[in-house]
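Notes follow the structure.
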Amino acid sequence: MNGKKVLFVSSELVPYLPENPVSLMSYEAPRMVNSNGGQIRIFMPRYGNINERRHQLHEVIRLSGMNLVINDMDMPLIIKVASIPKERIQVYFIDNDEYFKRKATFADADGNLFPDNDERAIFFAKGVVETVKKLNWSPDIIHVHGWMASMVPLYLRKYYADEPLFSESKIVTSVYGKDFEGELDSAMIDKIAFDGIDKEEISSLAHPEYNNLLKVAVDHSDAVILAAEDLSDDLKSHIDNLSVPVLPYVSLQEAEEAYINFYNTEVLK
Numbered sequence: 000m001n002g003k004k005v006l007f008v009s010s011e012l013v014p015y016l017p018e019n020p021v022s023l024m025s026y027e028a029p030r031m032v033n034s035n036g037g038q039i040r041i042f043m044p045r046y047g048n049i050n051e052r053r054h055q056l057h058e059v060i061r062l063s064g065m066n067l068v069i070n071d072m073d074m075p076l077i078i079k080v081a082s083i084p085k086e087r088i089q090v091y092f093i094d095n096d097e098y099f100k101r102k103a104t105f106a107d108a109d110g111n112l113f114p115d116n117d118e119r120a121i122f123f124a125k126g127v128v129e130t131v132k133k134l135n136w137s138p139d140i141i142h143v144h145g146w147m148a149s150m151v152p153l154y155l156r157k158y159y160a161d162e163p164l165f166s167e168s169k170i171v172t173s174v175y176g177k178d179f180e181g182e183l184d185s186a187m188i189d190k191i192a193f194d195g196i197d198k199e200e201i202s203s204l205a206h207p208e209y210n211n212l213l214k215v216a217v218d219h220s221d222a223v224i225l226a227a228e229d230l231s232d233d234l235k236s237h238i239d240n241l242s243v244p245v246l247p248y249v250s251l252q253e254a255e256e257a258y259i260n261f262y263n264t265e266v267l268k
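Residue numbers 0 to 268, in numbering that gives the first Met the number 0, belong to the letters of the sequence shown in order.
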């Protein structure tokens, strides 16, 4: 991985949020690339339950201040950064008071999904891409983890299709086990269509449940990693029918060798 640039975009990341399959691998994968000579950048949402003082987050004024249009509304983009001390890894946080100030990640205290999770996912995708553009950093690989990041491949391939910074970038999506029940806002498909993306490209989002979000992500990716053993038959069948490289599930102990080999021999070939 010497000198290769890998952009990690994740829904969750330890140590900022509790450990689960997504947050743990979103930490381990960048650490692996870092230790194998690659250059990394990590992006995640700045949820309100992340302790900014403890983790020493601070706003990057030169990257903040842009407005992103979400469903015909101007939403201010705030960028914060922090470092994971023992790995000397820097993390960028996508923030907005309307979408991310509440003291929770995806659902309220009663377990109900936030009604604007669809807009949060769109804002996150656009926020990541616009910030990387400002950094003028052209990644060789863009590796997506978690459903809140699932719109990143779609927006890169469609909305930002003519952006030269990403013209050579390869997109990898890691697919995890089902993370929520129910559906996001049924108007999600219309909000994405507002950005000029053909509804036929995202027809599955007429029902924006977990598997359909991930189907859209893998449909616009160059490679897929199965990051769980318990994927639904529907999702596994969809991935089996794709004509892209797929890395079968491996344990955390085997992940470093498997992931680095997959990047080098299948994604960057």
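Glycine is no exception: its CB is placed at the ideal position from the N, C-alpha and C atoms.
Where do the ends of the beta strand (DSSP E) carrying residue i lie?
| i | result |
| --- | --- |
| residue 39 | 38-44 |
| residue 174 | 169-174 |
Taking Cβ to Cβ, would you say residue i is nearer than 9 Å to residue j?
| i | j | result |
| --- | --- | --- |
| residue 152 | residue 219 | yes |
| residue 137 | residue 167 | yes |
| residue 296 | residue 171 | Not covered by the structure: residue 296. The range shown for the chain is 0 to 268. |
| residue 243 | residue 227 | no |
| residue 234 | residue 248 | no |
| residue 88 | residue 29 | yes |
| residue 205 | residue 185 | yes |
| residue 41 | residue 9 | yes |
| residue 62 | residue 133 | yes |
| residue 174 | residue 112 | no |
| residue 149 | residue 245 | no |
| residue 263 | residue 0 | yes |
| residue 191 | residue 217 | no |
| residue 141 | residue 100 | no |
Would you mind working out which of the options sits nearest residue i, comparing C-alpha positions?
| i | options | result |
| --- | --- | --- |
| residue 117 | 248, 187 and 243 | 187 |
| residue 59 | 222, 53 and 91 | 91 |
| residue 26 | 46, 80 and 144 | 144 |
| residue 46 | 55, 29 and 105 | 105 |
| residue 139 | 13, 32, 10 and 254 | 32 |
| residue 71 | 236, 189, 57 and 99 | 189 |
| residue 270 | 100, 165, 86 and 54 | The question about residue 270 has no answer, for the chain in this structure spans 0 to 268. |
| residue 182 | 169, 146 and 239 | 146 |
| residue 259 | 99, 16 and 34 | 34 |
| residue 155 | 121, 75, 23 and 12 | 121 |
| residue 276 | 239, 196, 102 and 178 | Residue 276 lies beyond the stretch modelled for the chain, which goes from 0 to 268, so this question has no answer here. |
| residue 16 | 207, 127, 210 and 83 | 83 |
| residue 124 | 108, 109, 110 and 76 | 76 |
| residue 180 | 207, 198, 197 and 202 | 207 |
Please report how far the alpha carbon of residue i lies from the alpha carbon of residue j, in whole angstroms.
| i | j | result |
| --- | --- | --- |
| residue 37 | residue 6 | 10 Å |
| residue 64 | residue 43 | 18 Å |
| residue 230 | residue 73 | 37 Å |
| residue 67 | residue 257 | 37 Å |
| residue 251 | residue 157 | 33 Å |
| residue 127 | residue 194 | 16 Å |
| residue 203 | residue 211 | 6 Å |
| residue 109 | residue 11 | 20 Å |
| residue 115 | residue 107 | 12 Å |
Considering residue i, what are the terminal residues of the alpha helix (DSSP H) in which it resides?
| i | result |
| --- | --- |
| residue 116 | 116-134 |
| residue 235 | 232-239 |
| residue 188 | 187-192 |
| residue 261 | 251-261 |
| residue 142 | That residue, residue 142, is in no alpha helix (DSSP H); its beta strand (DSSP E) goes 140-144. |
| residue 213 | 209-218 |
Can you pull the DSSP bridge partners for residue i?
| i | result |
| --- | --- |
| residue 94 | 77 |
| residue 58 | 79 |
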